[in-house]
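With the numbering used here applied, the sequence shown corresponds to residues 28 to 201, in that order.
Just so you know, even glycine gets a beta-carbon here, dropped at the ideal spot from N, CA and C.
Predicted model only: the values in this text are computed from it and were never measured.
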Amino acid sequence: MDLEARVAELERRMAALEAQEPQEAGRPQPAHWVGDFWALEGFKAQLAELGTDTGGVLFTGAVGLPTGERYEWQQGFPTAELLGDPAEDGQRTADALAALGSPVRIRLLREVLAGRRTAAELTALDGVGTSGQVYHHLRQLTAAGWLHTTGRGRYEVPGGRVVPLLIAFAAATP
């Protein structure tokens with residue numbers, strides 16, 4: 028890259044940084060992410076091609092878990108789809124969110140993502156309750172689609188739900 032192009036790129040980045048609102052205290056963002064809306068700009072272009080004037084929501088992630096598993100995920104929804112007929116999918120949404128409404132269930136999901144996969148391993152954790160209570164939580168998470176069984180008492184977060192689950196965790200972080 029020649030000097031002129033490098034200077035132009037630096038000026039573009041500086042302008043983006045100067046236009047960016049200050050970050051919340053305690054929530055620093057890496058400098059290379061500040062003002063860089065490449066995913067958003069691409070999504071807006073796709074929405075324009077679809078002819079939607081109400082916008083949409085995009086989430087994406089590239090995740091490496093402590094177990095060595097890697098997941099890449101990208102999903103976009105037009106606003107109209109998310110605000111569609113509540114009778115049609117309102118219960119499904121409520122059930123999925125309700126399943127996340129317990130600190131013990133959140134802990135179990137985090138433990139599964141970290142590699143504790145069997146019901147016995149999960150039941151042995153401090154503070155999660157009795158084996159009956161753990162199995163109740165696991166059934167709720169499985170029914171809502173946050174977990175599924177892989178046989179022999181092993182649980183995992185389905186690959187297509189890893190990034191959405193982490194996004195739900197991120198969205199709930201103050």
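In this structure, DSSP gives Thr169 a helical state, which the three-state scheme calls helix. Closest by C-alpha distance to Leu124, out of Pro191, Arg33, Glu31 and Leu30, is Pro191. The beta-carbon distance between Arg134 and Val155, rounded to whole angstroms, is 6 Å. This is short enough to meet the 8 Å contact definition.
Its chain contains Phe70 and Gly103 as the residues whose beta carbon lies nearer than 6 Å to that of Leu85, once the 5 sequence neighbours on both sides are disregarded; these appear in chain order. Look at Gly88 here: in three-state DSSP terms it is strand. Under the three-state reduction of DSSP, Glu108 is assigned to helix. Minimum Cα-Cα distance from Thr169 among the listed residues Tyr182, Gly142 and Ala141 corresponds to Tyr182. At a Cβ-Cβ threshold of 8 Å, Pro105 and Leu77 count as neighbours. Under the DSSP assignment, Gly178 falls in the beta strand (DSSP E) whose first and last residues are His175 to Gly178. In the three-state DSSP reduction, Thr157 falls in the coil class, being neither helix nor strand. Cα atoms of Thr150 and Ala89: separation of roughly 30 Å, rounded to the nearest angstrom. The alpha-carbon of Asp63 is positioned some 40 Å away from that of His164. Annotation: the continuous alpha helix (DSSP H) that includes Arg188 extends over Gly186 to Ala199. A check of alpha carbon separations from Ala126 across Glu31, Leu193, Ala171 and Gln73 identifies Ala171 as the nearest. Burial is judged here by how many other beta carbons sit within 10 angstroms of a residue's own beta carbon; Arg119 has fewer than 16 and is exposed.
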